[in-house]
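In my numbering, the protein residues as written are 174 to 342.
C-beta atoms are modelled at their ideal positions from N, C-alpha and C, and glycine is treated no differently.
None of the values given here were measured: they were computed from a predicted structure.
A quick write-up on the structure given underneath.
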Ligand SMILES: Cc1cc2nc3c(=O)[nH]c(=O)nc-3n(C[C@H](O)[C@H](O)[C@H](O)COP(=O)(O)OP(=O)(O)OC[C@H]3O[C@@H](n4cnc5c(N)ncnc54)[C@H](O)[C@@H]3O)c2cc1C
């Protein structure tokens, strides 16, 4: 990813970041530039003792829910499972659990980020707090978030059966 950012800088190309690809405005794409597609970055690691989950920037909510629910834990995510965590979190994040656990960004503890300068840094309440403030609802364009670290809450595990004829997402 750093190499991609450096290449774009060397060639003076605009960069677009594709997370889950769900934004209907098409902000994950650009003309005559470089699209950095995170869709293969779907690693998720739950720390059940700490009550946190670290998810790579290309995850969809189903990736996060699948791993978190294995421990009976959850964080507010999208209403449908195929929305990307990237754009949703950076935009604030509303979902079924928000009345109980707050918005997605209320549960965001830190982000690993690559800046437009090609620098890797961590943004949290303690490290680069102003950047962290911007990431919590300010949308894309503050850098490439390679992983999001969220606080989890006890919930479930749910094992709801779908009505007959409704396909799995
Ligand atoms: C069917 C549908 C259902 C939805 N449901 C909800 C919902 O329940 N709750 C809700 O809050 N929103 C919802 N949304 C809105 C959704 O959160 C936004 O469209 C969001 O931008 C999608 O994120 P994405 O990563 O899938 O999109 P993308 O199109 O990949 O990206 C959207 C923007 O975020 C940036 N971005 C994505 N990932 C990263 C990253 N890792 N680092 C830096 N920038 C990144 C992109 O560059 C782009 O600017 C829904 C949208 C759709 C189409």
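Do you know offhand how far residue i's Cα is from residue j's?
| i | j | result |
| --- | --- | --- |
| residue 304 | residue 245 | 32 Å |
| residue 229 | residue 191 | 13 Å |
| residue 289 | residue 178 | 7 Å |
| residue 197 | residue 209 | 18 Å |
| residue 274 | residue 326 | 8 Å |
| residue 175 | residue 184 | 14 Å |
| residue 296 | residue 222 | 22 Å |
| residue 248 | residue 315 | 23 Å |
| residue 342 | residue 320 | Confidence is the limiting factor: at residue 342 the pLDDT is only 44, short of 50, which leaves the residue's position unreliable and the question unanswerable from this model. |
| residue 272 | residue 211 | 30 Å |
| residue 302 | residue 186 | 29 Å |
| residue 299 | residue 307 | 14 Å |
| residue 205 | residue 284 | 29 Å |
Could you pull out every residue in the same chain whose Cβ sits closer than 8 Å to the Cβ of residue i, ignoring the five residues on either side in sequence?
| i | result |
| --- | --- |
| residue 250 | 234, 237, 238, 256, 258, 261, 266, 268, 270, 277 |
| residue 225 | 219, 282, 322, 323, 324, 325 |
Between which residues of its own chain and residue i is the CB-CB distance below 7 Å, once the five residues before and five after are set aside?
| i | result |
| --- | --- |
| residue 252 | 268, 269 |
| residue 309 | 278, 281 |
| residue 215 | 229, 231, 232, 236 |
On the DSSP letters alone, give me the boundaries of the beta strand (DSSP E) that residue i sits inside.
| i | result |
| --- | --- |
| residue 321 | 317 to 324 |
| residue 218 | 217 to 220 |
| residue 237 | First-last for residue 237: 234 to 242, but that is the alpha helix (DSSP H), not the beta strand (DSSP E). |
| residue 169 | Nothing can be reported for residue 169: it is not among the residues displayed for the chain, which extend from 174 to 342. |
| residue 225 | 225 to 229 |
Tell me which same chain residues have a C-beta within less than 6 Å of the C-beta of residue i, skipping the five on either side of it?
| i | result |
| --- | --- |
| residue 181 | 188, 207 |
| residue 312 | 263, 264 |
| residue 328 | 247 |
| residue 330 | 242, 245 |
| residue 291 | 175, 178, 179 |
| residue 240 | 217, 219 |
| residue 203 | 187, 189 |
| residue 227 | 218, 320, 322 |
In the DSSP assignment, find the alpha helix (DSSP H) that holds residue i and state where it starts and stops.
| i | result |
| --- | --- |
| residue 179 | 175 to 183 |
| residue 258 | 258 to 263 |
| residue 296 | Counting along the chain, residue 296 falls outside any alpha helix (DSSP H), though it belongs to the beta strand (DSSP E) covering 293 to 297. |
| residue 186 | Premise fails: residue 186 is in no alpha helix (DSSP H) and is neither H nor E. |
Can you tell me the Cβ-Cβ gap for residue i and residue j, rounded? I've got them flagged as a contact below 8 Å.
| i | j | result |
| --- | --- | --- |
| residue 194 | residue 213 | Residue 194 to residue 213, Cβ: 12 Å. No contact. |
| residue 286 | residue 318 | 5 Å |
As a quick check of your reading: which residues have a C-beta less than 6 Å from at least one non-hydrogen atom of ligand 2, in chain order? Looking at this structure, you won't find ligand 2 anywhere; what it does contain is ligand 1.
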